[in-house]
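**Student:** The structure follows.
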Amino acid sequence: MNAQIPSSDEAGLTTVWVAAETGRIDRNGMLLHADDRLMRLHQQLGGSTSGGELAVPPLLELARHSMRLGMRLSRPVKAAGSSALIDMWCECTPDAEGVALLLTHWREHALPDRSDATEDGADFIAEPGVAYLQLDRLERVVRYSPPAGAGTDDASSGLLLKPVTAVLEPSDGSAFARAEQIDGQRVTLAGDEREWIASLRPARTATGCVITLRHAPPLPDPAAPPEMPPLFDGERIGQLFGRQIGPALRLPIGRIIANAETIGGRLEGPLRADYANYASDIAAAGRHLLALVDDLADLEAIDGAGFSAAREPIDLADIARRAAGLLALKAADRKIRIDKPSEDEMLPATGEFRRVLQVLLNLLGNAINYAPDGSMIWLRLDDGPGWASVTVADQGPGLSAEDQQRLFNKWERLGRSGDGGSGLGLYISRRLALAMQGDLTVESAPGRGARFTLLLPTD
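Numbering (my numbering), first residue to last: 692 to 1150.
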């Protein structure tokens, strides 16, 4: 019997419930039965009134993971309904028929309004065959822009304020649990039979992100005889990394990290301190491997024929502040202070937003890694006729003239080992700067720190 017991509201919560057993799915993910709250959430996210596949992606992902492992799993889950953001604790117990779901500590937070949506259209560049979805910080669709020349899409209003996982579906019939899983995937848009290739990037002028949808090229005819590749084709093997090998590695490494963090966080109960430390080491090693996979995928892309970067108006001051914010905790662990541009500073330039952010995160991360504890790192802006720049300066050991000549070479780590680096970060960063019609330079001397400067055009 399902029990719903209202308890006293907490700050920022509209409703707090404690529930008994909630529902059950079969081994194919089909909802067999559910209490009123779960069924209501299931239907809000596009699920069938008669059941069908469970339409709450984070619950379905956890339940399937429980089935794969053949063991009970429990952890916190967050889902966005049409009228509330819901936090809950989910316990999944697999058996021969499927998985029993037990949801407790069900808390419904009032959804914020759409005041954080971008209204100036800065993230939406009209382009034939390209559509845009803007998401807020809860990963809900707050704006939809159809392809240029397509006119106004009357169905677009039906997408607004829905979770993006209910609006975009993978073409292979699986399900997304989070927006980050959509990047690079072949998807369909609710109410639209066309296939799109989705790419995700942070929004420049609002909290959240923007998903760009480009028409997907037709898939090859499965009946056509396959073209036999040569026994060894180095270029073809390199091209397979970003498309097949990289994604295949990211999934198991991501699971290793997630499970290690669950163990280290003692979410399943008390655990000996040394075992919690082992789990933290496993998670850290997984993150190093994931960073290497990302570096290799970037290397394949920038070394490929025809690689280019977008040319769009950006604010170097804003990107510098974002990079400093993303690495603030890492710097604080070493008692390093980052002196970033003030909130009222602006520096227009031309480049690709996510690539510039990638370069600054690499430069700032290196500065934190090699600067002494308790030191300072400066982010400084400058401009001139036709150019703008941002400089990352540290108080590290500095570089000799010979090291500076080798610094931007592929795989170059200047003799350092054991720090988890791949020797590709600065090589990739300079190639990206050159692709944006700019450059990346270094000034340094032994014992006097280093100054890395990213220059970009302003036209």
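All C-beta atoms in this analysis are idealised placements derived from N, C-alpha and C, irrespective of residue type, glycine included.
1) Please check the pair L1117 and L1098, which I expect to be a contact at CB under 8 Å, by giving their CB distance rounded to whole angstroms.
2) Which same chain residues, not among the five before or five after E752, have their C-beta less than 8 Å away from its C-beta?
3) Report all residues from its chain with a CB closer than 7 Å to the CB of D1150; omit the five preceding and five following residues, and keep chain order.
4) Would you grab the beta carbon distance between G820 and P838 for me? Rounded to a whole angstrom, and I think it's under 8 Å.
5) With distances taken from CA atoms, which of R1071, A881, T856 and M1127 is nearest I873?
6) Helix, strand or coil: how does DSSP classify S1091 here?
7) Any idea if L910 is buried or exposed, counting beta-carbon neighbours within 10 angstroms, 16 or more meaning buried?
8) Terminal residues of the continuous beta strand (DSSP E) containing M779?
9) Any idea which residues DSSP pairs P1004 with across the strands?
10) Below 6 Å CB to CB, which residues in the same chain sit around R1028 once its five sequence neighbours on both sides are set aside?
11) Note the first and the last residue of the continuous beta strand (DSSP E) segment covering G1116.
12) Give me the residue from V901, Q1096, E886 and D1030 with the minimum Cα distance to R892.
13) Give a yes or no on whether 8 Å exceeds the smallest Cβ distance from L1123 to chain D.
14) Return the bridge partner residues of I902 from the DSSP annotation.
15) Counting along the chain, where does the beta strand (DSSP E) carrying D1130 start and finish?
16) Which class does S1033 belong to by DSSP, given the choice of helix, strand or coil?
17) Please name the residue or residues paired with S836 in a DSSP beta bridge.
18) Assign L760 to one of two classes, buried (16 or more other C-beta atoms within 10 Å of its C-beta) or exposed (fewer than that).
19) Within its chain, find whatever has a CB closer than 7 Å to the CB of L922; leave out the 5 residues flanking it on each side and keep chain order.
20) Which same chain residues end up closer than 6 Å to K636 when comparing Cβ atoms and leaving out the 5 residues on each side of it in sequence?
21) Quick check: the Cα distance between R946 and P961, rounded to an integer number of angstroms?
22) Out of curiosity, what's the CA-to-CA distance linking A951 and Y969?
23) Straight-line CA distance for G1056 to L1018?
24) Determine the closest residue to L1038 out of A1084, D1006 and G1140, with distance taken between C-alpha atoms.
25) Given a cut-off of 8 Å, decide if G1089 and R1139 are closer than it, judged by their beta-carbon atoms.
26) M1067 lies in the beta strand (DSSP E); which residues open and close that run?
27) Tell me I944's beta-bridge partners as DSSP assigns them.
28) Taking DSSP as the reference, what is the three-state secondary structure of I716?
29) So, are the CB atoms of G743 and L723 less than 8 Å apart?
30) Is the beta carbon of K1031 sitting closer than 8 Å to the one on A1000?
31) Excluding the 5 residues preceding and the 5 following R718 in the sequence, name in chain order all residues of the same chain whose CB lies nearer than 6 Å to its CB.
32) Can you tell me where the beta strand (DSSP E) holding L750 begins and where it ends?
33) Please state whether the Cβ-Cβ distance between N1053 and S1120 is less than 8 Å.
34) Checking 8 Å against the spacing of the C-beta atoms, do L904 and A1008 come in under that value?
35) How many angstroms separate the CA atom of G1153 from the CA atom of K1101?
36) Within a Cβ cutoff of 6 Å, which residues of the same chain sit near V858, ignoring the five residues on either side of it in sequence?
**Tutor:** On the basis of the supplied data:
1) Against the sequence shown, residue 1117 aligns to sequence position 426. Against the sequence shown, residue 1098 aligns to sequence position 407. Beta-carbon to beta-carbon, L1117 and L1098 are separated by about 6 Å, close enough to satisfy the 8 Å threshold.
2) Counted from its first residue, the sequence shown places residue 752 at position 61. Around E752: A866 and A868.
3) The residue you call residue 1150 lines up with position 459 of the sequence shown. The beta carbon of D1150 sits closer than 7 Å to those of T1041 and G1077, all from its chain and outside the five residues before and after it, given in chain order.
4) One-based indexing of the sequence shown puts residue 820 at position 129. One-based indexing of the sequence shown puts residue 838 at position 147. G820 to P838, Cβ: 5 Å. Contact.
5) Along the sequence shown, read from residue 1 onward, the residue named residue 873 stands at position 182. The shortest Cα separation from I873 among R1071, A881, T856 and M1127 belongs to T856.
6) In the sequence shown, counting from the first residue as 1, residue 1091 sits at position 400. For S1091, the three-state secondary structure derived from DSSP is coil.
7) By one-based count along the sequence shown, residue 910 stands at place 219. Exposed, since its Cβ has fewer than 16 Cβ neighbours within 10 Å.
8) Locating residue 779 in the sequence shown gives position 88, counting from the first residue. Looking at the DSSP string, the run of the beta strand (DSSP E) that includes M779 is A775 to P785.
9) In the sequence shown, counting from the first residue as 1, residue 1004 sits at position 313. Within the DSSP secondary-structure output, P1004 pairs in a beta bridge with T1041.
10) As a working note, residue 1028 is residue 337 in the sequence shown. Cβ neighbours of R1028 beyond the five flanking positions: M1067.
11) Position 425 of the sequence shown, counted from the first residue, corresponds to residue 1116. In the DSSP annotation of this structure, G1116 is not part of any beta strand (DSSP E); the continuous alpha helix (DSSP H) holding it starts and ends at G1116 to A1126.
12) The residue labelled residue 892 in the question sits at position 201 within the sequence shown. Per the Cα distances, V901.
13) Of the chains in the structure shown, none is chain D; there is only one protein chain.
14) Taking the first residue of the sequence shown as 1, we reach residue 902 at position 211. In the DSSP assignment, the residues bridged to I902 are L824 and L891.
15) On the sequence shown, position 439 is the one that residue 1130 refers to. It spans D1130 to S1135 - the beta strand (DSSP E) in which D1130 sits, taken as one unbroken run.
16) Sequence index remark: in the sequence shown, residue 1033 carries index 342 (1-based). Three-state DSSP puts S1033 in coil, outside helix and strand.
17) Within the sequence shown, residue 836 is the residue found at index 145, counting from 1. Looking at the DSSP assignment, S836 forms a beta bridge with Y823.
18) Reading the sequence shown from its first residue, position 69 is the one you call residue 760. Under this definition L760 is an exposed residue.
19) For the purposes of this step, residue 922 is taken as residue 231 along the sequence shown, with counting starting at 1. Bear in mind that the predicted position of L922 carries a pLDDT of just 44, short of 50, making it too unreliable to give a figure here.
20) Because residue 636 is not part of the residues shown, which for the chain are 692 to 1150, the question remains open.
21) Position 255 of the sequence shown, counted from the first residue, corresponds to residue 946. Position 270 of the sequence shown, counted from the first residue, corresponds to residue 961. Taking the CA atoms as reference points, R946 sits about 22 Å from P961.
22) The sequence position of residue 951 within the sequence shown is 260, counting from 1. The sequence position of residue 969 within the sequence shown is 278, counting from 1. A951 and Y969 have their C-alpha atoms roughly 9 Å apart.
23) For the purposes of this step, residue 1056 is taken as the residue at position 365 of the sequence shown. For the purposes of this step, residue 1018 is taken as the residue at position 327 of the sequence shown. Each residue's Cα considered, the two are about 7 Å apart.
24) Counted from its first residue, the sequence shown places residue 1038 at position 347. Closest option to L1038, judged by alpha-carbon separation, among A1084, D1006 and G1140: D1006.
25) Locating residue 1139 in the sequence shown gives position 448, where the first residue counts as 1. Locating residue 1089 in the sequence shown gives position 398, where the first residue counts as 1. Yes, the Cβ-Cβ distance between R1139 and G1089 is below 8 Å.
26) Translated into positions along the sequence shown, residue 1067 becomes position 376. M1067 to G1075 is the extent of the beta strand (DSSP E) around M1067.
27) Here the question's residue 944 lines up with position 253 in the sequence shown. Partner residues in a beta bridge of I944, as assigned by DSSP, do not exist.
28) As a position in the sequence shown, residue 716 is number 25, starting the count at 1. The three-state reading of DSSP puts I716 in strand, counting E and B together.
29) Sequence index remark: in the sequence shown, residue 743 carries index 52 (1-based). Sequence index remark: in the sequence shown, residue 723 carries index 32 (1-based). When the beta-carbon positions are compared, G743 and L723 stay at least 8 Å from each other.
30) By 1-based counting over the sequence shown, the position of residue 1031 is 340. By 1-based counting over the sequence shown, the position of residue 1000 is 309. Between K1031 and A1000, the C-beta spacing is not below 8 Å.
31) On the sequence shown, position 27 is the one that residue 718 refers to. Taken in chain order, the residues that qualify are G789.
32) To locate residue 750, count along the sequence shown from 1; it is residue 59. Per DSSP, L750 belongs to no beta strand (DSSP E); it is in the alpha helix (DSSP H), P748 to L760.
33) For the purposes of this step, residue 1053 is taken as residue 362 along the sequence shown, with counting starting at 1. For the purposes of this step, residue 1120 is taken as residue 429 along the sequence shown, with counting starting at 1. Yes.
34) Within the sequence shown, residue 904 is the residue found at index 213, counting from 1. Within the sequence shown, residue 1008 is the residue found at index 317, counting from 1. No; because the gap between Cβ atoms is not below 8 Å, this pair is not in contact.
35) One cannot answer for residue 1153 here, as it falls past the ends of the chain, which runs 692 to 1150.
36) What you label residue 858 is simply residue 167 of the sequence shown in a count that begins at 1. Short of 6 Å from the beta carbon of V858, and not among the five residues preceding or following it, lie these beta carbons of its own chain, in chain order: V832, L850 and A881.
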